[in-house]
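So in numbering that gives the first Met the number 0, spot 265 of the sequence shown is number 264, and the numbers just go up one at a time. The beta carbon of each residue, even a glycine, is placed where N, CA and C say it ideally should be. Below is one structure; the comments refer to it alone.
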Amino acid sequence: MSLPVGLYFGLGSLPVLSDAETRSISAENPDGSKGGGGKAEPGPDSAARELGRGWKVRPCITVKAGETVTLADVKGSGVIQHIWITVRPEGLMGCVLRMYWDEEDTPCVETPLGDFFACGHGLRAKVNSLPVAVNPTGGLNCYWPMPFRKRARITVENQWHEDIGGFFYQITYALTEVAPGSAHFHAQYRKSMTRRDYPEHVLLDGVTGKGHYVGTYLAWTQMSNGWWGEGEIKFYIDGDREFPTVCGTGTEDYFGGAWGFGGETFSTAFLGYPLYAKEEGRVPRHGLYRWHVMDPIRFKQDLRVTIQALGWWPGRKYQPLTDDIASTAYWYQTLPHVQFPPLAGLNDRLPR
Numbered sequence: 000m001s002l003p004v005g006l007y008f009g010l011g012s013l014p015v016l017s018d019a020e021t022r023s024i025s026a027e028n029p030d031g032s033k034g035g036g037g038k039a040e041p042g043p044d045s046a047a048r049e050l051g052r053g054w055k056v057r058p059c060i061t062v063k064a065g066e067t068v069t070l071a072d073v074k075g076s077g078v079i080q081h082i083w084i085t086v087r088p089e090g091l092m093g094c095v096l097r098m099y100w101d102e103e104d105t106p107c108v109e110t111p112l113g114d115f116f117a118c119g120h121g122l123r124a125k126v127n128s129l130p131v132a133v134n135p136t137g138g139l140n141c142y143w144p145m146p147f148r149k150r151a152r153i154t155v156e157n158q159w160h161e162d163i164g165g166f167f168y169q170i171t172y173a174l175t176e177v178a179p180g181s182a183h184f185h186a187q188y189r190k191s192m193t194r195r196d197y198p199e200h201v202l203l204d205g206v207t208g209k210g211h212y213v214g215t216y217l218a219w220t221q222m223s224n225g226w227w228g229e230g231e232i233k234f235y236i237d238g239d240r241e242f243p244t245v246c247g248t249g250t251e252d253y254f255g256g257a258w259g260f261g262g263e264t265f266s267t268a269f270l271g272y273p274l275y276a277k278e279e280g281r282v283p284r285h286g287l288y289r290w291h292v293m294d295p296i297r298f299k300q301d302l303r304v305t306i307q308a309l310g311w312w313p314g315r316k317y318q319p320l321t322d323d324i325a326s327t328a329y330w331y332q333t334l335p336h337v338q339f340p341p342l343a344g345l346n347d348r349l350p351r
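Spelled out as structure tokens, the structure:
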């Protein structure tokens, strides 16, 4: 008996046959139709003008300033399995990625393009993890499985002041029955400047429904000297108010490191600190990810997630920090979802 795609992943599932139909959307096959790739006609200025139709005529698109382009609009039931994108560096911060599932009018995913792929601050970082891989030079890959039952729509908006050319993308998916119990993928970006009187950044708030939290990416801009990662992450689950059910012991601890990372960066299957940028005349910038693939944080009613910004005063006292923190939170949940707060504008997102 063939099995629906959506619950069976990894090497152990490869021998299992399925009736799923593979499709892939790119600039060469914009609607992913069967036999629909490589049909563009070369113009007089095309690099394929001497080769003709079928020879890499339309490998990428230009996203005009202020324009929103639909990368994918798939009707029916299926699961997105792989997304690959590459774009010039301005697009990491200047482009906004959005995803809509089934009948939702507001996005279930809304983040700057780079942050979704663990490349915050508008900087490329090499990421060697299981669900996200960023390879030289700026190949952005995502393997988060994204099931849908009626429709999947993915858009990109160019909020940069110039057109962004050379936008390459490939979205591979399976048309298939979605396994019962499969929830929908969500990702939300938030940005804040923590305050000395209450140095806390909120990653998620107001999430309702049943689901599980699967990932955190932080683009942390350090605004003072010294150690910046003494604060704890906290998960308030199913009615928690003053005190959380899941409480970390320090920022570097949550991301799988210890003792201030020892000044080293790293990237592993589920945890990483791939970016530490300390340049002359610039404040230090950090990029960190934690994928809860093996240890999802499950909730039945609601979820709130926060992280503290703490350093050290002399005399071994915690120092509240005023730091610039951008976060992307990843989770699966039932629909409908609560509408996200307004996305920070481009000027607010730009790196310091």
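Beta-carbon contacts of residue i that lie in its chain and below 6 angstroms, excluding the five residues immediately before and after
i: alanine 117; result: Val126, Val131, Tyr216 and Tyr288
i: lysine 55; result: Ala47
i: valine 177; result: Gly5, Ser76, Pro146 and Arg148
i: isoleucine 170; result: Ile24, Ala71 and Ile82
i: threonine 207; result: Asp301 and Val337
Residue interval of the beta strand (DSSP E) (run including residue i)
i: glycine 214; result: 210-220
i: threonine 61; result: 60-62
i: phenylalanine 167; result: 163-174
i: phenylalanine 115; result: Unbroken run through phenylalanine 115 is the alpha helix (DSSP H), 112-115; no beta strand (DSSP E).
i: glycine 286; result: 284-290
i: arginine 240; result: Element bounds for arginine 240: n/a, residue is neither H nor E.
i: glutamate 20; result: 20-25
i: arginine 404; result: No answer is possible for residue 404: it lies beyond the span of the chain, which begins at 0 and ends at 351.
i: leucine 302; result: 301-307
i: glycine 138; result: 138-141
i: glutamine 318; result: 316-319
i: alanine 132; result: 131-134
i: lysine 125; result: No beta strand (DSSP E) contains lysine 125, which DSSP labels as neither H nor E.
i: phenylalanine 260; result: Unbroken run through phenylalanine 260: none, as it is neither H nor E.
Paired residues, beta bridge with residue i - DSSP
i: lysine 74; result: Arg150
i: phenylalanine 265; result: Tyr272
i: tyrosine 197; result: Arg194
i: asparagine 28; result: Ser25
i: histidine 183; result: Gln332
i: asparagine 379; result: With the chain running from 0 to 351 in the structure shown, residue 379 is simply not present.
i: threonine 69; result: Thr154
The alpha helix (DSSP H) enclosing residue i, as first and last residue numbers
i: leucine 345; result: 345-348
i: glycine 93; result: 89-93
i: threonine 250; result: 250-253
Close Cβ partners of residue i (< 7 angstroms) along its chain, the five nearest in sequence each way excluded
i: glycine 210; result: Ala182, Phe298, Trp330, Tyr331, Gln332 and Thr333
i: arginine 87; result: Ile163 and Gly165
Cutoff 8 angstroms; reference residue i; Cβ partners in own chain excluding five residues on either side
i: proline 135; result: Lys125
i: arginine 48; result: Pro41 and Gly42
i: threonine 61; result: Asp162, Ile163, Gly164, Gly165 and Phe166
C-beta atoms of residue i and residue j nearer than 8 angstroms
i: glycine 75; j: glutamine 158; result: no
i: methionine 145; j: isoleucine 79; result: yes
i: glycine 34; j: leucine 174; result: no
i: threonine 69; j: glutamate 156; result: no
i: tryptophan 258; j: aspartate 322; result: no
i: proline 111; j: leucine 129; result: no
i: threonine 305; j: glutamate 199; result: yes
i: leucine 139; j: leucine 203; result: no
i: alanine 71; j: isoleucine 153; result: yes
i: alanine 39; j: arginine 57; result: yes
i: glycine 238; j: glutamine 300; result: yes
Anticipated Cβ contact below 8 angstroms, residue i with residue j, distance rounded
i: leucine 122; j: leucine 274; result: 6 angstroms
i: tyrosine 272; j: threonine 264; result: 5 angstroms
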